[in-house]
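**Q** Read left to right, the sequence shown gives residues 0 to 439 (numbering that gives the first Met the number 0).
We put the beta carbon where it would ideally sit given N, CA and C, even for glycine.
The structure displayed is predicted, hence computed values, not measured ones.
Please read through the structure below; I'll follow up with questions.
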Amino acid sequence: MRVQFIYPSFERHAQSHPELLQWVPCDEYLGGAGLGIASIAAVTPPEVDVAFHDDRVNPFPVDQVSKGAAHDADLYAFSFFTPAATRAFALSDALRAQGKKTIAGGIFPTMMPEETAAHFDAVVVGEGEGVWAEVLEDTKNGALKPRYRATEPFDLSKLPPPRVDLYVENESPHLKPDDYPLQLSRGCPLSCDACVVPGTLGRGLRVVPRDTVAQELANLARLGKRAALTEDTSFFFFSGARRHFREFLAVLRDDPRPSHDKISYVGISAPMVLSLDPSLLRELIGSGVDRFYLVGGFDPITRAAFGWGDPKALDKAERTIARCHEFGIDPYVSFLVGNDGDDEGVFDRMLSFCQRTKLDKCEFAVFTPYPNTPAWHRLVSEDRILHRTWKKYNDANVVFQPKQMSVERLQEGYLRLWREFYSGRNEIAEREHHARTVQF
Ligand code: B12
Ligand code: SF4
Numbered sequence: 000m001r002v003q004f005i006y007p008s009f010e011r012h013a014q015s016h017p018e019l020l021q022w023v024p025c026d027e028y029l030g031g032a033g034l035g036i037a038s039i040a041a042v043t044p045p046e047v048d049v050a051f052h053d054d055r056v057n058p059f060p061v062d063q064v065s066k067g068a069a070h071d072a073d074l075y076a077f078s079f080f081t082p083a084a085t086r087a088f089a090l091s092d093a094l095r096a097q098g099k100k101t102i103a104g105g106i107f108p109t110m111m112p113e114e115t116a117a118h119f120d121a122v123v124v125g126e127g128e129g130v131w132a133e134v135l136e137d138t139k140n141g142a143l144k145p146r147y148r149a150t151e152p153f154d155l156s157k158l159p160p161p162r163v164d165l166y167v168e169n170e171s172p173h174l175k176p177d178d179y180p181l182q183l184s185r186g187c188p189l190s191c192d193a194c195v196v197p198g199t200l201g202r203g204l205r206v207v208p209r210d211t212v213a214q215e216l217a218n219l220a221r222l223g224k225r226a227a228l229t230e231d232t233s234f235f236f237f238s239g240a241r242r243h244f245r246e247f248l249a250v251l252r253d254d255p256r257p258s259h260d261k262i263s264y265v266g267i268s269a270p271m272v273l274s275l276d277p278s279l280l281r282e283l284i285g286s287g288v289d290r291f292y293l294v295g296g297f298d299p300i301t302r303a304a305f306g307w308g309d310p311k312a313l314d315k316a317e318r319t320i321a322r323c324h325e326f327g328i329d330p331y332v333s334f335l336v337g338n339d340g341d342d343e344g345v346f347d348r349m350l351s352f353c354q355r356t357k358l359d360k361c362e363f364a365v366f367t368p369y370p371n372t373p374a375w376h377r378l379v380s381e382d383r384i385l386h387r388t389w390k391k392y393n394d395a396n397v398v399f400q401p402k403q404m405s406v407e408r409l410q411e412g413y414l415r416l417w418r419e420f421y422s423g424r425n426e427i428a429e430r431e432h433h434a435r436t437v438q439f
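Below you can see the structure in the form of structure tokens.
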């Protein structure tokens, strides 16, 4: 049996707005595919032949799937988040028109199973590991069911390291990430407005066992890749998250590679930076962490600081950056605009904050109500969703009616942030690749 995994392409910021390529003197950060396919491939028995296609590297050749052709398979298994849903639907429709069987899993299929089902033979809701063996058996018997959903969260002590090697084999000179995500935990008990994590990976924070994490890190080292720690949940005080994180830092310290080659960044938010005790900050540095991916716009501090210029919150936001600088950690900030609390002054406040705190590089994103999140339900009930063209749900386009400004003001404000922040920063283009990369 042969399974063809497909990671469908989506519009990046610079594809939505090509002018960014002129304004931003940086290399585009082209991250690897999310870990969904790598995780499912890792629980696929060896007798099943697996192939992976990154549609961002080369458009998937839907015309080469006839019997015996290069991309012929018994099952076409897609993994996608919202911005990739438009392309995923088109590819799956074209495959099914040729009599092929398709299945969808990942963030969008989990959050919008009904809509996904109109384009696929089967949809996997939530974590895939627990149902994948059944999917393969049903495929073999020609009896694929329309819906699969694990009855309980997957036991992470049974989790094999994801098959990131499949991704690396599919790299091209055009898409060659120097890092891949490394997952320390799954799920989250909080429910931040626009986040999909509790809805897709569950409401309990479950940590990936230390040995599995060590193996994942060793795999990345073997492939010559750094680890990207994208989730902020490592810094929680509950569920043993911080203890587990410290254990990971110890594993990282034992990795013999030069400091800078081990980890590209650690995702974090302002309240977490302020809550870290100096010993943990020193441990981070000692383990090779020299950059925070500081996500703004989800937490109460940055929302109040930029949204309506709350002086206490602004002070805290400044202390956050000062703290990073004090410990020698580069704060790469992702600014989100378009929260309901944002008035028209938000753009000026962000730009002057960047100047005052001497931020080196940042990215800017438009608030996006991802389907089935708390924010989505609120905006649907207020009739503020403008359209459901999923490829535009990429954080670079205004897809909802903002509360305190027009759609045009928000869209122009987002572009202005990129333009003004990067004007006069041409020296960034001279630096080494890793020091001049930005996600846009
Ligand atoms: C790593 C990561 C990235 C990486 C990798 C890209 C990617 N596509 O994921 C990078 C850094 C490049 C990235 C970029 C962006 N990201 Co991102 N990212 C993540 C992150 C933190 C982890 C994804 C991951 O690997 N999860 C781990 C895997 C194992 O989980 P999973 O995909 O859900 O898979 C499980 C199940 O869903 C299922 N499953 C998944 N696929 C399949 C397939 C089959 C066949 C089966 C059976 C099962 C199955 O089984 C899996 C294992 O249990 C998520 C948050 C999160 N925790 O999910 C955000 C997230 C995916 N990103 C998001 C966004 C918005 C972006 C950006 C658009 C942000 C921006 N400002 O630009 C950019 C887009 C890229 C760009 N601009 O070029 C949003 C997506 C929202 C949505 N509803 O779609 C998320 C959810 C964060 C959030 N805001 O909540 N991201
Ligand atoms: S943004 Fe972070 S803390 Fe908030 S729900 Fe998502 S994972 Fe949890």
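1) Report whether the distance from the Cβ of S184 to the nearest heavy atom of ligand 2 is below 7 angstroms.
2) CB-CB under 6 angstroms to A50, same chain, minus the five flanking residues each way: which ones, in chain order?
3) Looking at the secondary structure, which residues open and close the alpha helix (DSSP H) in which D210 lies?
4) Is G203 buried or exposed, if buried means 16 or more other CB atoms sit within 10 Å of its CB?
5) As a quick exercise: from S171, P45, C25 and E128, pick the residue whose alpha carbon is nearest that of N57.
6) Within the structure, which residues are defined as neighbours of ligand 2 by a Cβ-heavy atom distance below 7 angstroms, reported in chain order?
7) So, does the segment 325 to 340 touch the segment 297 to 307, judging by three or more C-beta pairs under 8 angstroms?
8) Count the other C-beta atoms from every protein chain shown that fall within 10 angstroms of the C-beta of R377, then say buried if there are 16 or more, exposed otherwise.
9) Got a sec? Which residues, its chain only, sit under 7 angstroms from G80 by beta carbon, not counting five neighbours each side?
10) F77 and A93 - do their beta-carbons sit closer together than 8 angstroms?
11) In three-state DSSP terms, what is Y421?
12) List the DSSP bridge partners of E27.
13) Using the C-alpha atoms, what's the distance from D54 back to F9?
14) Thinking just about the alpha-carbon of each residue, which of S263, I262 and L283 is nearest to the one in V272?
15) Are the Cβ atoms of F439 and E27 separated by less than 8 angstroms?
16) Given 7 angstroms as the limit, tell me if F346 has its C-beta closer than that to any heavy atom belonging to ligand 1.
17) Give me, in chain order, the residues of the same chain whose beta-carbon lies closer than 7 angstroms to that of G125; leave out the 5 immediate sequence neighbours on both sides.
18) Verify whether the separation of the beta carbon atoms of A227 and L181 is less than 8 angstroms.
19) For the putative contact between L266 and T211, defined by C-beta atoms under 8 angstroms, what is the C-beta separation to the nearest angstrom?
20) Below 7 angstroms, is the gap between the Cβ of H12 and the nearest heavy atom of ligand 1?
21) How should D394 be labelled, buried or exposed, when 16 other C-beta atoms within 10 angstroms of its C-beta is the threshold for buried?
22) Taking C-alpha atoms, which residue in I36, L155, L335 and H70 lies nearest to Q97?
23) Is the CB-CB distance between L279 and Y331 below 8 angstroms?
24) Quick one: using the 10 Å Cβ neighbour count with 16 as the cut-off for buried, is N425 buried or exposed?
25) To the nearest angstrom, how far is the alpha carbon of Y392 from that of T232?
26) Expressed to the nearest angstrom, what Euclidean distance is found between the alpha-carbon atoms of D192 and A41?
27) I'd like the span of the beta strand (DSSP E) that includes V47, first residue to last.
28) When the Cα atoms are used, what is the spatial distance from R254 to R245?
29) Return the first residue and the last residue of the alpha helix (DSSP H) that V134 is part of.
30) With DSSP as the reference, label Q3 as helix, strand or coil.
31) So H52 and I5 are supposed to be a Cβ contact under 8 angstroms. How far apart are they, rounded?
32) The beta strand (DSSP E) with A121 in it runs from where to where?
33) Report the residue from R225, P270, Q214 and A249 whose alpha carbon sits nearest the alpha carbon of F234.
34) Give me the residue from G239, A217, S263 and D73 with the minimum Cα distance to V250.
35) Check this for me: beta carbons of A312 and L335, under 8 angstroms apart or not?
**A** In terms of the structure at hand:
1) no
2) Q3
3) R209 to R221
4) exposed
5) S171
6) C187, L189, S190, C191, C194, V196, P197, E230, D231, T232 and F297
7) yes
8) exposed
9) Rather than Gly, the amino acid found at residue 80 in this sequence is Phe. Excluding residues within five positions, the ones whose Cβ falls inside 7 angstroms are G33, G105, I106 and F107.
10) no
11) helix
12) V437
13) 9 angstroms
14) L283
15) yes
16) no
17) T109, R148, A149 and T199
18) yes
19) Contrary to the premise, residue 266 reads as Gly rather than Leu in this sequence. Not confirmed; about 19 angstroms, so no contact.
20) yes
21) buried
22) H70
23) no
24) exposed
25) 24 angstroms
26) 32 angstroms
27) From DSSP, V47 is part of no beta strand (DSSP E); its letter is neither H nor E.
28) In the sequence on display, residue 254 carries Asp and not Arg. Going from the Cα of D254 to the Cα of R245 covers about 14 angstroms.
29) E128 to K139
30) strand
31) 5 angstroms
32) A121 to V124
33) P270
34) A217
35) no
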